[in-house]
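Have a look at the structure below before the remarks.
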Amino acid sequence: MANSEVYILGGYQTDFARNWTKESKHFSALMRESVLGALEQCDIAPEEVESAHVGNFAAELYCMQGHLGAFFTEVHPTFSGLPTSRHEAACASGSIALLAASAEIEAGRYGLQAVVGIEQMKTVAADKGGDYLGTAAWYDQEAEGIEFPFPKLFGRLGDEYDERYGLKDEYLAEISRLNYDNAKLNPNAQTRTWYMNKEQALCRTDDNPSIGGRIRIADASQVTDGAVCVFLASREYAERYAKGMGKKLSAIPRLKGWGHNTARLRFDDKVAESRGDTYVLPHVRSTITSAWKRAGIEDANGVDGIETHDCFTTSEYMAIDHFGLTKPGESWKAIEEGWLEIDGRHPINPSGGLIGAGHPVGATGVRQLLDGCLQVTGEAGGYQVEGAKNFQTLNIGGSGTTSVSFIVGVD
Amino acid sequence: MSGKDGTMSGAELRKALGSRSIDHVVVLGANGTMGYGSAALFTQAVPRVTFLARSREKAEAGLQDAIKQVRSPTVASRADVGDYGEDLEKALKTADIVFEALTEDLEIKREIFDKVEKSRREDSIVATVTSGLSINQLCEGRSDSFRKHFMGLHFFNPPNVIVGTELIAGDDTDPELVDFVEAFSRVRLGREIVRTSDSPAFAGNRVGFKVLNEAAQLAEQLGPVLVDRLVGPYTGRALTPLATIDLVGWDIHRAIVDNVHQNAADEAHATLKMPDYMANMMEAGVLGNKTGGGFFKRDGKTRLALDPASGDYAPEADIKLPDLSYIDDVAKMHSVGRYAEGMALFLAAEGDEAAIARKVIAGYISYAFHRAGEVTETITGIDMIMGAGFNWAPPSVLVDTMGAGSAVTMIEQAGLEVPAVLAEAASGGGKQRFFDHPQVNVGKYFVAS
């Protein structure tokens, strides 16, 4: 149905290296900068926005602030009265907000919607933040009283691979190295100035301590403050917009496909369910393949690059075979062959991903989609994948629990 | 290919990067702060980095400092050390880049370049980290090959934290090599490169130390506490000016402002004269934090502030300040992301103190815009180095945030010359935007305190 198409007009990302607590700034400043930045970047008048969706994981914990949809109305006087809402699915919160917004556009309710992914995390010490993140798991069964529960859960994902197929840490180190390298090309990446290379990632001393089994500091994504705002539009609105901007509609990125699955919450239950399956996280696989199906493409050869959820190196290792870049269990081959590099056969995370670009939990899904848009419109600057027309995202909440994937492209 | 900062596309960067490979970097003066800091940075991307100093022991100390600075054992596994004798000769045979980080003294640098010239490979790049000595002068009288391969690569201290970097070609530098070094620095070292002309103190220090020195001059009458409050974070910076001078060191401050004062005749000449009270204190050994204090020092948990008239220190909390509630009002706006409203309050604030603060900011904007075309091709280069090198709100960001009309009024009220482009923009209705880096968040520069 041509009239249910959803277009992405563009957006704006805050610099993920910023520490908003150090800048003495309130949560609302973060929201404000992302939304006003997106309006300016896209040359959209505030009066045009019809509705807003906010993706956020845990502002109640980190900022003692709920009701985030309402904060959108604080950004501009004209937003007062707009229908807004807030969406939560742990680290996939941003993608869930995008799904809700796109569904409303498909339903014909609105022509132009703002979607904001946002998280301010540097308000608390690392151990407290780690505990808060534990609420993305089954807290009292998997996280309560455990220091840094998530690195441990994703360490076990690596162990599961090791058990089923074998896994060498040097491949995880290579994933870390590549994300840090790519981050150096991204002016909004959190780690763009950090010292990292493969030896450092492989280092097994106090300079790179373990935070959960085989997961070491270099294997982990960051504690990040950040917000990203994008504008989704109906075909009708996008046509008008393209005309006004002197562009062809075909040059405006379109949401070509999506996938969305939720697996059982506890890591043990997920793994138990996948015994005997070739994929360690079959629901993640199915999120990816259903996005392909909706986009009318057969496999990952139909996209020019991927922005995946590398909350830890093990999650990217998992993504490589779940995207079908290699046979199940053979992700190491793609790493060894250099396929994941920006100019490789299947670029993954040219932005630096969560490890390099940063991971403001509720913003990540929106950031991935925005990076996909920058890629397919040739606006990704130093981390541009040459000639990219289609990009796929994979955003994961919890220990592989909620998965969302989008395919964004131009025609 | 490019010419200005930020104009090389991803593909251009990778193409330039492919034109040669860097397998060995030799750092001269690797025991100094800039030497070991730069050497550490190179180890991130280069398989072999040689730390050289006057003695092996000094070079070894530099290596240890480098390891501490970036907290990575990688540094040691990729490094070797030596002195300026045989070690230098041997290392130069395989060096792809020779990186000079000796004391800021023309003669000392020339002396080591004699040795470099003798043993370097014909195709090796020679770069200097000088923060303001003339690139053309430094390679004067050298062979064609040396001059063709010579350039300034000015990292800011500490290089593992501050990414803003100036790249300065001499008259004879091969443009393709300049492109290569830009690509290598951006892609492999994560630098934000700004190309500047070979002018005194280049771009960042020229503009930045003008403001810092003006603050030091003002401190003579007003005292450092009030000055740092007036030109504080709310005006668009993370670190206050006098605390910055203490951090970089009074000797470095002097070297930079003296260089500009002696070698550049510009409209702000008077503000580039280092105040006498600083010179007197330096004779008594005061050099800022590295000697235990400067404008400020610590006594246990108490922060003490200098009285420039007497040279004595008093607890900061005991120093009486005038009513500065306007700063709290501005900060309150910044804290919720209302930067334009914050700056409007600043511009409208009453009282002598606010007027002094506005004069410093007006001076910064006016001086920077007058340097466009002289130290960088356009204001964009200055903007980038002030943002990425000093962590200050770039001049264009301030103009865009307050509006060209208000900026012009502020500059006029300060009795300073209005840059033509600003006057033009103001008369055109003030809608023009000057800051030309859409991917840079401008809000980060306005700290809410």
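The listed protein sequences derive, respectively, from chains A and B. Here the first sequence is numbered in this note's numbering, starting from 113 and rising by one per residue. Here the second sequence is numbered in this note's numbering, starting from 722 and rising by one per residue. Think of the CB as a built atom: it goes at the ideal place given N, C-alpha and C, for glycine as much as any other residue.
For residue i and residue j, what's the separation of their Cα atoms in angstroms?
i, j, result
"residue 889/B", "residue 452/A", "35 Å"
"residue 1010/B", "residue 780/B", "24 Å"
"residue 1078/B", "residue 213/A", "47 Å"
"residue 288/A", "residue 438/A", "19 Å"
"residue 164/A", "residue 206/A", "12 Å"
"residue 877/B", "residue 885/B", "7 Å"
"residue 794/B", "residue 508/A", "33 Å"
"residue 384/A", "residue 1059/B", "51 Å"
"residue 506/A", "residue 460/A", "11 Å"
"residue 799/B", "residue 314/A", "15 Å"
"residue 363/A", "residue 187/A", "29 Å"
"residue 725/B", "residue 920/B", "Summary for residue 725/B: the model assigns pLDDT 43, below 50, so the residue's position carries little reliability, and this model does not support an answer."
"residue 730/B", "residue 417/A", "19 Å"
"residue 1075/B", "residue 1135/B", "11 Å"
"residue 374/A", "residue 277/A", "25 Å"
"residue 1171/B", "residue 140/A", "A question about residue 1171/B goes unanswered here, because the residues of chain B that appear run from 722 up to 1170."
"residue 1022/B", "residue 1038/B", "12 Å"
"residue 515/A", "residue 768/B", "40 Å"
"residue 734/B", "residue 480/A", "24 Å"
"residue 962/B", "residue 845/B", "39 Å"
"residue 1008/B", "residue 1108/B", "26 Å"
"residue 1013/B", "residue 938/B", "21 Å"
"residue 324/A", "residue 1129/B", "57 Å"
"residue 226/A", "residue 153/A", "13 Å"
"residue 908/B", "residue 776/B", "33 Å"
"residue 988/B", "residue 887/B", "24 Å"
"residue 933/B", "residue 976/B", "13 Å"
"residue 1025/B", "residue 1017/B", "6 Å"
"residue 168/A", "residue 249/A", "16 Å"
"residue 1042/B", "residue 1071/B", "16 Å"
"residue 1201/B", "residue 849/B", "Because chain B here runs from 722 to 1170, residue 1201/B falls outside it and cannot be looked at."
"residue 807/B", "residue 294/A", "39 Å"
"residue 198/A", "residue 394/A", "28 Å"
Using 8 Å for Cβ pairs, my map puts residue i next to residue j. What's the rounded Cβ distance?
i, j, result
"residue 816/B", "residue 745/B", "5 Å"
"residue 1170/B", "residue 137/A", "Contact doesn't hold; Cβ gap of about 10 Å is too wide."
"residue 772/B", "residue 797/B", "In fact, because the Cβ distance is near 10 Å, the residues do not count as touching under 8 Å."
"residue 520/A", "residue 339/A", "With a Cβ gap of about 20 Å, residue 520/A and residue 339/A do not count as contacting."
"residue 369/A", "residue 326/A", "So it is not a contact: roughly 34 Å between Cβ atoms."
"residue 765/B", "residue 309/A", "5 Å"
"residue 525/A", "residue 450/A", "Residue 525/A falls outside the range modelled here, since chain A spans only 113 to 523, and no answer is possible."
"residue 825/B", "residue 852/B", "7 Å"
"residue 1093/B", "residue 1131/B", "Contact flag wrong, Cβ pair sits at about 18 Å."
"residue 1137/B", "residue 904/B", "In fact, because the Cβ distance is near 39 Å, the residues do not count as touching under 8 Å."
Relative to the C-alpha of residue i, which candidate in the options has its C-alpha closest?
i, options, result
"residue 1050/B", "1042/B, 1068/B, 1041/B", "1068/B"
"residue 216/A", "131/A, 347/A, 170/A, 426/A", "347/A"
"residue 1073/B", "800/B, 943/B, 1064/B", "943/B"
"residue 805/B", "747/B, 1071/B, 786/B", "747/B"
"residue 335/A", "405/A, 325/A, 244/A, 373/A", "244/A"
"residue 423/A", "124/A, 317/A, 464/A, 226/A", "464/A"
"residue 134/A", "352/A, 232/A, 177/A, 192/A", "232/A"
"residue 1168/B", "763/B, 960/B, 1043/B", "960/B"
"residue 714/B", "753/B, 809/B, 818/B, 813/B", "Outside the shown range of chain B, which is 722 to 1170, sits residue 714/B, and nothing can be said about it."
"residue 298/A", "935/B, 1035/B, 906/B, 911/B", "911/B"
"residue 1102/B", "1081/B, 1156/B, 1006/B", "1156/B"
Quick one: list the residues of chain D neighbouring residue i, beta-carbon separation under 8 Å, in chain order.
i, result
"residue 321/A", "The structure shown contains no chain D; its protein chains are A and B."
At which residue ranges does the segment 335-377 of chain A contain complete beta strand (DSSP E) runs of 3 or more residues, listed in the order of the chain?
338-346, 366-374
Check whether the segment 217-225 of chain A touches the segment 327-341 of chain A, taking contact to mean three or more Cβ pairs, one atom from each stretch, closer than 8 Å.
no
As an exercise, report each continuous alpha helix (DSSP H) stretch of at least 4 residues that is fully enclosed by the segment 153-191 of chain A, in chain order.
171-174, 180-183
Closer than 8 Å is the cut-off here; do at least three beta carbon pairs connect the segment 465-483 of chain A with the segment 295-313 of chain A?
yes
Is the segment 409-429 of chain A close to the segment 271-287 of chain A, with three or more CB pairs under 8 Å?
yes
Can you find at least 3 beta carbon pairs, one from the segment 1084-1092 of chain B and one from the segment 920-935 of chain B, that sit closer than 8 Å?
yes
Could you tell me whether the segment 190-205 of chain A touches the segment 267-278 of chain A, where touching means 3 or more Cβ pairs closer than 8 Å?
no
Check whether the segment 1114-1124 of chain B and the segment 987-1007 of chain B are in contact - that is, three or more C-beta pairs closer than 8 Å.
no
For the structure I just gave you, are there three or more beta carbon pairs, one from the segment 965-973 of chain B and one from the segment 1140-1156 of chain B, closer than 8 Å?
no
Validate contact between the segment 396-405 of chain A and the segment 490-501 of chain A using beta carbons, cut 8 Å, 3 pairs
no
When you compare the segment 857-866 of chain B with the segment 823-842 of chain B, are there three or more beta-carbon pairs, one atom per stretch, that lie closer than 8 Å?
yes
Please give the ranges of any alpha helix (DSSP H) in the segment 842-908 of chain B, keeping only runs that are unbroken, at least 4 residues long and fully inside the region.
856-859, 865-869, 896-904
As an exercise, report each continuous beta strand (DSSP E) stretch of at least 3 residues that is fully enclosed by the segment 785-846 of chain B, in chain order.
800-804, 818-821
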